[in-house]
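A.B. asks: Protein chains in written order, with the working numbering: chain A, 1 to 220; chain B, 1001 to 1220.
There are 2 protein chains.
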Amino acid sequence: MVRYQFGGESELSNAPMSMSLLGKLQRDILTGKYRPGQKLTEQNLCKEYGVSRTPIREALRQLETDGLVENILNRGCFVIGFSEQDYEDLFDLRKAYEIQAVKWAIDRITDDEMDRLEETFEFMEFYTMRGDLDKMLVINAGFHQVIYEAAHNRMLQKTLTSYQTFLRYQGMNMVYGPDYLTTVLEEHRAIFKAFTDHDPKAGAEAMERHINRAKERRCG
Amino acid sequence: MVRYQFGGESELSNAPMSMSLLGKLQRDILTGKYRPGQKLTEQNLCKEYGVSRTPIREALRQLETDGLVENILNRGCFVIGFSEQDYEDLFDLRKAYEIQAVKWAIDRITDDEMDRLEETFEFMEFYTMRGDLDKMLVINAGFHQVIYEAAHNRMLQKTLTSYQTFLRYQGMNMVYGPDYLTTVLEEHRAIFKAFTDHDPKAGAEAMERHINRAKERRCG
DNA sequence: GACCGTATAATTGTATACAGAAATACAATT
DNA sequence: AATTGTATTTCTGTATACAATTATACGGTC
């Protein structure tokens, strides 16, 4: 049995069913509810999310490590702003890791993971055929997630998952062209083929093309 | 006036003079005081570091985000173990980012940063001449830090700094060969030359060689 | 002796209380 | 009007208290 977990609601580990406080804060920062430079007062966040200061502070510390807020001693947390350059750069950082991920994944993937990758790709074909953009965006993220897992490196997985979260909320404002679905499908097909061919080099090249075009499209 | 901050005691932002709790925990995990799989009980850490649970918990959350511990809901924090493969992989992840860093840095470096890079390199030459390994290791980290800063990308800088911390504590157990100093100096000279030549491609190649050899040497 | 259920203890998650620092308001002074 | 010094308030940093969950110990049953 293969389970899918594309919803994005549960953040890998400790998520008590509903969206975690950390996830909510990530969302609200990345979607612009809190503006760059804005001070996040703990009291206000307590009221906003209906919890006490302790969990708020712990979430803020994680956001600090994630690089979404800056904590200045005795003065509080401030939302970090991202320039256009930062967003562009993110594609290059992601590209470097995605290429490494696919190379490792093709070498290290287990049979079970290969089954999941195949099934995920078949879902991509299905939803492309149906023209279901929303489902496609979710499956798209899932396809990459399987690769991250198959790379069998915790740090890589954490970092790329974090980038995905980042781009997911960014992508919510994007406009998707008419042939987005078919184009992206073919890009993923090339990547998937590299897995069936056990060809890390081809995988790296296909992934590089994929991310380069994603950068041009300015969406995942 | 150019100030150096190589000591590694102060972690960029909020470090109240002495080593921060987070830094101590990082050190004690990475140097093996706490073993992989070991449970970090909050009470014990309180006694160990002489603070209450609140700051301990906040530090643990940051360590979780950093990937040094795993937090299981209602069960506590456990030290994450790193395999030989993980350590090898880390060089590849670092390589990907260091190459990107040097390419951006050569494009984006300010005059002030260039002065600091030059001065740092001159210190490297001096300490190599003197055969001062300890100082050299510190300056080595500093040289890369200047590059990270010159790349002008917060995420890149955070990630690479974190890798440096990781490898620094690892490197403490390493044995350095007799020509380590001169070899490393020449590798850095090639990188530095790429900056004076404003040649990102050459910089990337020099950096790739540097990290590849570092991987062979199994130290910074 | 192995297994299971309950009671107890220990530990985590959350809320609150208190101390110290920073921001603010405001009066006095130039 | 601008500035400085002080008092007040607000907020962060830390410690502690309480609630919920998990781990442990122990006794009963097979």
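We put the beta carbon where it would ideally sit given N, CA and C, even for glycine.
Going by CA-CA distance only, name the one from B:1117, B:1097, B:1056, B:1039 that's closest to residue 1158 of chain B.
C.D. replies: Numbered from 1 along the second sequence, position 158 holds the residue referred to as residue 1158 of chain B. That would be B:1097, whose Cα lies nearest to the Cα of residue 1158 of chain B.
A.B. asks: Between which two residues does the alpha helix (DSSP H) carrying residue 121 of chain A extend?
C.D. replies: On the first sequence, residue 121 of chain A is found 121 positions in, with the first residue counted as 1. Per DSSP, residue 121 of chain A is one residue of the alpha helix (DSSP H) stretching across 111-130.
A.B. asks: Could you tell me which uninterrupted alpha helix (DSSP H) segments, each at least 4 residues in length, are contained entirely in the segment 22-60 of chain A, listed from first to last along the chain?
C.D. replies: Whole alpha helix (DSSP H) segments, 4+ residues: 42-49.
A.B. asks: Is it the case that the CB of residue 1066 of chain B approaches a heavy atom of the ligand ATP more closely than 7 Å?
C.D. replies: With respect to the ligand ATP, the structure offers nothing, as it holds no ligand at all.
A.B. asks: Please list, in chain order, all residues of the same chain as residue 160 of chain A whose beta carbon is under 6 Å from its beta carbon, the five residues on each side excluded.
C.D. replies: Residue 160 of chain A sits at position 160 when you count from the first residue of the first sequence. Around residue 160 of chain A: 97, 148.
A.B. asks: Rounded to a whole number of angstroms, what is the C-alpha to C-alpha distance between residue 66 of chain A and residue 207 of chain A?
C.D. replies: Residue numbering aside, residue 66 of chain A sits at position 66 when the first sequence is read from its first letter. Residue numbering aside, residue 207 of chain A sits at position 207 when the first sequence is read from its first letter. Each residue's Cα considered, the two are about 25 Å apart.
A.B. asks: Closest Cβ-Cβ distance between residue 205 of chain A and chain B: below 8 Å?
C.D. replies: By one-based count along the first sequence, residue 205 of chain A stands at place 205. It does not; no Cβ of chain B falls within 8 Å.
A.B. asks: Quick one: residues in its chain with C-beta nearer than 6 Å to the C-beta of residue 1064 of chain B, no 5 flanking neighbours on either side, listed in chain order?
C.D. replies: As a working mapping, residue 1064 of chain B is identified with position 64 in the second sequence. These residues qualify, in order along the chain: 1071.
A.B. asks: Would you mind sorting residue 1220 of chain B into buried or exposed? The rule is 16 or more other CB atoms within 10 Å of its CB.
C.D. replies: Here residue 1220 of chain B refers to the residue found at position 220 when the second sequence is read from its first residue. Buried.
A.B. asks: CB residue 166 of chain A to CB residue 30 of chain A, shorter than 8 Å?
C.D. replies: The residue you call residue 166 of chain A lines up with position 166 of the first sequence. The residue you call residue 30 of chain A lines up with position 30 of the first sequence. Yes, Cβ-Cβ distance for residue 166 of chain A and residue 30 of chain A is below 8 Å.
A.B. asks: What residues in the segment 1090-1109 of chain B bring their beta carbon closer than 8 Å to a beta carbon of chain A?
C.D. replies: The residues in question are 1090, 1092, 1093, 1096, 1097, 1099, 1100, 1104.
A.B. asks: Report yes or no: do three or more beta-carbon pairs, one from the segment 149-156 of chain A and one from the segment 1081-1093 of chain B, lie closer than 8 Å?
C.D. replies: Touching, per the Cβ criterion.
A.B. asks: Give the straight-line distance between the Cα atoms of residue 1129 of chain B and residue 20 of chain A, rounded to the nearest whole angstrom.
C.D. replies: Here residue 1129 of chain B corresponds to residue number 129 of the second sequence, with the count starting at 1. Here residue 20 of chain A corresponds to residue number 20 of the first sequence, with the count starting at 1. Approximately 55 Å between the Cα atoms of the pair.
A.B. asks: Report buried or exposed for residue 1058 of chain B, applying the criterion of at least 16 other Cβ atoms within 10 angstroms of its Cβ.
C.D. replies: For the purposes of this step, residue 1058 of chain B is taken as the residue at position 58 of the second sequence. Using a 10 angstroms sphere on the CB of residue 1058 of chain B, the tally of other CB atoms reaches 16 or more, which defines it as buried.
A.B. asks: Can you check whether the C-beta of residue 1062 of chain B is within less than 8 Å of a C-beta belonging to chain A?
C.D. replies: Residue numbering aside, residue 1062 of chain B sits at position 62 when the second sequence is read from its first letter. Contacts with chain A at 8 Å (Cβ-Cβ) include residue 1062 of chain B.
A.B. asks: Below 8 Å, can you find three or more Cβ-Cβ pairs linking the segment 26-46 of chain A to the segment 1112-1119 of chain B?
C.D. replies: They do not touch, by the three-pair rule.
A.B. asks: Using beta carbons (cut-off 8 Å, strictly below), is residue 1181 of chain B in contact with chain A?
C.D. replies: Taking the first residue of the second sequence as 1, we reach residue 1181 of chain B at position 181. Cβ-Cβ to chain A under 8 Å: no for residue 1181 of chain B.
A.B. asks: Compare the C-beta of residue 1028 of chain B against all C-beta atoms of chain A and say whether one is closer than 8 Å.
C.D. replies: Indexing the second sequence from 1 puts residue 1028 of chain B at position 28. Residue-level contact check: residue 1028 of chain B does not touch chain A, since none of the beta carbons of chain A fall below 8 Å from its beta carbon.
A.B. asks: Would you tell me roughly how many angstroms separate the C-alpha atoms of residue 182 of chain A and residue 189 of chain A, rounded to the nearest one?
C.D. replies: Looking up residue 182 of chain A in the first sequence gives position 182. Looking up residue 189 of chain A in the first sequence gives position 189. So the alpha carbons of these two residues sit roughly 10 Å apart.
A.B. asks: Could you check if residue 1085 of chain B is buried or exposed, using at least 16 other CB atoms within 10 Å of its CB as the buried criterion?
C.D. replies: In the second sequence, residue 1085 of chain B corresponds to position 85, counting from 1. Counting Cβ neighbours within 10 Å, residue 1085 of chain B comes out exposed, since fewer than 16 surround it.
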